[in-house]
Amino acid sequence: MSKQPLLEPIILSNTIQLNNRIVMAPMTRSRADNDERAPTEALHGVYYEQRASAGLIITEGSQVSKQAIGYINTPGIHSKAQVEGWKHVTQKVHDKGGKIFIQLWNVGRMSHPDFHNGELPLAPSAINPNSKSYTPAGFKDTVTPKAMTIEDIQTTVADFAKAAKNAVEAGFDGVEIHSSNGYLFHQFFNNASNQRTDQYGGSIENKARFLFEVLEAVKNEIPVERIGLRLNPSLHNAFGMTLDEETIPTFEYIVKQLNNYNLAYLHLSEPFTDVSDVPHAVTDIAKHFRPLYKGTLIINSEFDQEKGNAIIEAGFADMVAFGKLYISNPDLVERFKTNAPLAEWNEDTFYTPGKKGYIDYQFLDKKIKEKI
Ligand SMILES: Cc1cc2nc3c(=O)[nH]c(=O)nc-3n(C[C@H](O)[C@H](O)[C@H](O)COP(=O)(O)O)c2cc1C
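The sequence shown runs 481 to 852 under our numbering.
The structure is reproduced here in structure tokens:
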């Protein structure tokens with residue numbers, strides 16, 4: 481491959497200069513196995529530093545409050561200890577010339593009472609996603625959550641704003657609002673999880689209201705040019721989401737509204753499963769949404785070097801986020817540059833504690849690199 485669009489620099493919202501268009505996708509790795517659920521210099525610091533040649537790193541989902549938790553050993557961004565932990569990470573990435581956003585996360589009903597001293601998780605409506613929660617005692621069935629009161633919603637909006645403030649203090653270049661993959665925001669968007677009759681349910685505008693309230697609150701704490709947002713419009717029969725005739729129009733409405741904000745980027749996922757037979761689904765997300773959004777678009781899911789270059793070349797996205805490839809190839813950028821072979825990831829160590837499968841993936845052998 482001669483000229484690779486993935487390797488071209490780009491500036492986000494006239495503000496953040498990136499060395500290339502290769503993004504490390506947000507990935508939960510469950511390495512914060514300490515009482516504070518804080519990232520550590522020895523694990524998280526090294527892991528992200530190893531991947532700092534990415535044009536942009538988006539961290540793993542990081543809970544914005546105790547309430548927001550749903551998985552074992554995920555780091556947060558709500559306590560002093562967590563902010564201190566993240567400072568090591570941002571420092572190391574910046575020292576290597578990289579840029580890093582933190583993904584702000586509230587799982588909503590994708591949680592379990594074990595994380596909440598026996599209390600129910602919160603969600604738009606009291607509807608069980610009939611899924612599994614990965615608790616310290618292993619996988620457990622999810623429960624029927626408690627429907628959020630207006631006060632719960634206001635508290636959650638404030639949690640996101642506080643987390644954004646903490647992210648600035650921790651030295652992040654920006655934040656990504658995790659409004660994707662069946663978690664709290666997505667639960668507001670989707671009819672299978674939102675049956676509210678107040679101003680947060682019913683019409684498309686109402687179902688999107690919570691997201692925009694959070695966006696407004698977050699942009700009081702960090703410039704809008706440093707906020708990204710993630711959506712997964714064709715998610716179906718996964719994470720408790722069901723696609724219906726209102727789903728895509730809801731996302732179209734959200735994406736069009738986002739044009740009113742000079743965001744760092746909009747981050748979309750292609751369908752996680754084959755939705756070609758699902759009524760009302762969009763099969764080509766980038767192609768469908770590119771004409772609707774005027775800002776920088778990141779696309780994700782199942783891309784490789786060739787497909788990534790091709791989609792930018794075709795004008796359907798500006799950047800490409802790589803997930804699993806980044807687990808096993810810390811120097812993915814160098815490998816793409818030199819068309820070098822890629823290492824395989826090991827699923828068994830995606831969420832296990834410690835260094836194994838986390839910071840022990842190899843960099844290209846220097847000798848091999850010289851020969852290429
Ligand atoms: C181990 C693992 C953890 C993930 N955790 C998150 C997460 O915290 N937040 C998120 O938005 N997506 C998460 N994802 C989804 C990825 O960001 C990405 O969308 C998915 O892996 C598909 O991209 P890929 O084919 O390049 O891997 C995770 C994926 C994996 C494999």
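Glycine included, every Cβ here is placed at the ideal spot set by N, Cα and C.
DSSP places residue 540 in the uninterrupted beta strand (DSSP E) bounded by 536-543.
No Cβ-Cβ contact shorter than 8 Å links residue 618 with residue 496. At a cut-off of 7 Å, the beta-carbon of residue 836 does not count as near ligand 1: no heavy atom of the ligand is closer than that. The three-state reading of DSSP puts residue 835 in coil, since its state is none of H, G, I, E or B. Contact annotation: the stretch 495-509 touches the stretch 531-550, with at least three C-beta pairs closer than 8 Å. In terms of Cα proximity to residue 582, the closest of 761, 486, 686, 562 is 562.
The DSSP assignment places 765-769, 785-793 as complete runs of the alpha helix (DSSP H) inside the stretch 743-795, in order along the chain (cut-off: 4 residues). A Cβ-Cβ distance of about 16 Å is found for the pair residue 679 and residue 671, leaving them out of contact under the 8 Å criterion. Looking at 835, 816, 822, 833, the one whose alpha-carbon comes closest to that of residue 487 is 816. In terms of Cα proximity to residue 666, the closest of 643, 789, 702, 731 is 731. From the listed residues 500, 509, 523, 490, the smallest Cα separation to residue 827 is found for 509.
Around the Cβ of residue 579, a 10 Å sphere holds 16 or more other Cβ atoms; the residue is buried.
Taking C-beta separations shorter than 6 Å and ignoring five residues to either side along the sequence, the partners of residue 751 in its chain run 714, following chain order. Residue 695 is bridged by DSSP to nothing; it lacks a bridge partner. Under the three-pair Cβ rule at 8 Å, the stretch 567-576 does not count as touching the stretch 584-600.
The residues 805, 809, 815, in chain order, have a CB closer than 7 Å to that of residue 822 in the same chain once the five nearest residues on each side in sequence are set aside. Of all C-beta pairs linking the stretch 776-795 to the stretch 740-754, three or more are shorter than 8 Å, placing the two stretches in contact. Residue burial annotation: residue 696 is exposed, with fewer than 16 other C-beta atoms found within 10 angstroms of its C-beta.
Residue 756 is classed as exposed because its beta carbon has fewer than 16 other beta carbons within 10 Å across all chains shown. Under the DSSP assignment, residue 658 falls in the beta strand (DSSP E) whose first and last residues are 654-658. Taking 8 Å as the cut-off, the Cβ atoms of residue 800 and residue 741 do not count as close. For ligand 1, a non-hydrogen atom lies closer than 7 Å to the CB of residue 506.
Between the beta-carbon of residue 641 and that of residue 625 there is about 23 Å, and that puts the pair past the 8 Å contact cut. A distance of 8 Å or more separates the beta carbons of residue 735 and residue 691. DSSP places residue 638 within a helical segment (H, G or I) once states are collapsed to three. Here residue 619 carries a strand assignment [DSSP, helix/strand/coil]. Per DSSP, residue 598 lies in no alpha helix (DSSP H) segment and is marked neither H nor E. The beta carbon of residue 674 sits closer than 7 Å to the beta carbons of 604, 605, 667, 668, 681, 687 from its chain, once the five residues preceding and following it are set aside; these are given in chain order. By the C-beta density criterion, residue 631 is exposed, having fewer than 16 other C-beta atoms within 10 angstroms. In the three-state DSSP reduction, residue 842 falls in the coil class, being neither helix nor strand. Residue 491 counts as exposed, since fewer than 16 other beta carbons sit within 10 angstroms of its beta carbon.
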